Ligand SMILES: [Cu+2]
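Residue numbers (the UniProt record's numbering): 1 to 181.
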């Protein structure tokens, strides 16, 4: 119940932020979410192209899934700076979260993945997020097979960030780039 309230509060804050940014240039409203790297990397497609997902009020929806094969289905996620990211993580497998748990953790720039991953390993009671939380921009809880969860956060400043699953032993394979343009 406490978690729910917290999530609701966070949502309310994010909505407030999103509304505050409504007045930015129209250009800011165009969010590119890449779910197919080869398709979106064509230089012929400029930012005015209509094929990319557009967002309402600067909110961009991103979905990513994780499997019993210990893999994310995406290696790259692209969003526009300043947007509110509504990210859904889905565990498409069947295995228990104690055996094949997955989360999505967006790391701050400069954080070393393997040293973070080793620290995270000791934080089982905190969804494998180190208690200080200092190296993390946003994260989901740990999911087991068949579960899904959605988080919202503000995209950090333009740049390339790493995302990982911090379940013990997964970060070496389950990682990708979160690109803010
Ligand atoms: Cu995982």
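A virtual CB, placed ideally from N, CA and C, is assigned to each residue, including glycine. All of these numbers come straight from a predicted model, not from anything done at the bench.
Looking at residue j and residue i, is the spacing between their C-beta atoms short of 8 Å?
{"i": "residue 180", "j": "residue 158", "result": "yes"}
{"i": "residue 80", "j": "residue 155", "result": "yes"}
{"i": "residue 162", "j": "residue 107", "result": "yes"}
{"i": "residue 63", "j": "residue 97", "result": "no"}
{"i": "residue 101", "j": "residue 84", "result": "no"}
{"i": "residue 103", "j": "residue 165", "result": "yes"}
{"i": "residue 149", "j": "residue 143", "result": "yes"}
{"i": "residue 129", "j": "residue 111", "result": "no"}
Could you check whether the Cβ of residue i sits closer than 7 Å to any heavy atom belonging to ligand 1?
{"i": "residue 101", "result": "yes"}
{"i": "residue 95", "result": "no"}
{"i": "residue 120", "result": "no"}
{"i": "residue 104", "result": "no"}
{"i": "residue 163", "result": "no"}
{"i": "residue 66", "result": "yes"}
{"i": "residue 170", "result": "yes"}
{"i": "residue 167", "result": "yes"}
DSSP beta-bridge partners for residue i?
{"i": "residue 154", "result": "84"}
Judging by CA-CA distance, which residue of the options is the nearest neighbour of residue i?
{"i": "residue 124", "options": "168, 68, 73", "result": "168"}
{"i": "residue 172", "options": "77, 114, 153, 88", "result": "114"}
{"i": "residue 69", "options": "176, 145, 151", "result": "145"}
{"i": "residue 160", "options": "177, 148, 103, 66", "result": "177"}
{"i": "residue 78", "options": "72, 61, 129, 119", "result": "61"}
{"i": "residue 93", "options": "75, 117, 66, 109", "result": "66"}
{"i": "residue 82", "options": "152, 175, 170", "result": "152"}
Discussion item. Report the start-end ranges of each alpha helix (DSSP H) in the UniProt domain "Blue (type 1) copper" (63 to 181) that is 4 residues or longer and not cut off at the edges.
Written reply: Counting only runs of 4 or more, we get 97 to 100, 113 to 120.
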